[in-house]
Amino acid sequence: MADNGAMLTHVDAPAAWQRVDCVSDVHLHAQDAATAAAWHAYLDAAPFDALFILGDLFEVWVGDDVLDADPGVDPEIAFAQAAAGALAALARCRPVFVMHGNRDFLLGAGFAARTGVRLLADPARLTLGQRRWLLSHGDAWCTADRDYQAFRSQVRDAAWQAAFLAQPLSERLAQARALRARSQQHQAAQRQAGVEPVDVDGPTAAAALRAADADALIHGHTHRPGHDTLPGGAMRVVLSDWDARATPPRLQVVSLHPDGHWAVHPMAAAPTP
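Counting from 946, one number per residue, gives the positions in the sequence shown under the numbering used here.
Right under this line is the structure:
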């Protein structure tokens, strides 16, 4: 495993890993108990030897100090602490790797230390058997979405993050709720207008694949699950988002195997408490 600061740039799977699961865009938050229940049921079953979460595990993450806050102050605090606790229980018996997404890019060393997960750089390479997978959230390659790329540059800036994290937790949570509401309104307007989500730029993704000396790509972010071929002939697998309230529920997992085989597993919705 190669470490870029606190984040791994590539992972070489040991021979014991016969099934590696990849998920993305679970978007956990306190207002969606159904998806959270499905997620916890999946973790309890743990049908994998290692788990890679390729961004947006949480709908929003306002700072690792949420794990030390009074859970009675805000339902989102209690929810985040419970979700982190479930991940920590899993990480004690299975390796878990987490990549930043466009919603939870503030997951940091404190979260990793409390949960026992390993943070992944974006992109990162997974060598499993004879196949070298390039793993990414995918948002950095959606170059046609200029407004989002400008926003991404702003919030990934160290000075912006330091200023945001310096605010009281209550203010950060309020800003996160406002941002979520605006995002939901924007997505609804896009759907009503029949606008398709922006896809990653194929040549950009293919160039990243070559630079990483990888032969297949797997990413999330676009909520356009499926598989196709990138310019140059490399395979691309796109992960689904998770939404247990959709019809039918969107709760897909992609499993990778050392012989190069991969498969999509739709998880069943779990009963909510």
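Just so it is clear, CB atoms sit at the ideal spot from N, CA and C, and this is done for glycine as well.
Given the structure is predicted, the values throughout are model-derived calculations rather than measurements.
For secondary structure counted as the beta strand (DSSP E) over 3 or more consecutive residues, the segment 977 to 1055 holds these complete runs in sequence order: 995 to 999 and 1041 to 1044. Within the segment 1059 to 1139, the alpha helix (DSSP H) runs of at least 4 residues that lie entirely inside it are, in chain order, 1091 to 1100, 1103 to 1110 and 1114 to 1137. The segment 1066 to 1074 and the segment 1018 to 1027 do not touch, with fewer than three beta-carbon pairs separated by less than 8 Å. Taking H1082 as the centre and dropping the five residues before and after it, the same chain places the C-beta of S969, L999, G1000, D1001, M1044, H1045, G1046, N1047, D1067, H1164, G1165 and H1166 closer than 8 Å to its C-beta, in chain order. Shown here, G1171 sits in a strand according to DSSP, grouped into three states.
For R964, the three-state secondary structure derived from DSSP is coil. By the Cβ test, the segment 1173 to 1180 is in contact with the segment 1148 to 1164, since at least three Cβ pairs between them sit closer than 8 Å.
Check the Cα spacing between R1076 and each of D1084, P1203 and P1211: the tightest is with P1203. If you draw a straight line from the Cα of M952 to the Cα of A1054, it is about 9 Å long. In the assembly as shown, R1195 is a buried residue. Its beta-carbon has 16 or more other beta-carbons within 10 Å.
Taking a cut-off of 8 Å for Cβ pairs, the segment 1002 to 1022 and the segment 972 to 992 touch, as three or more such pairs fall below it. In terms of Cα proximity to D1009, the closest of P1148, G1074 and T1060 is T1060.
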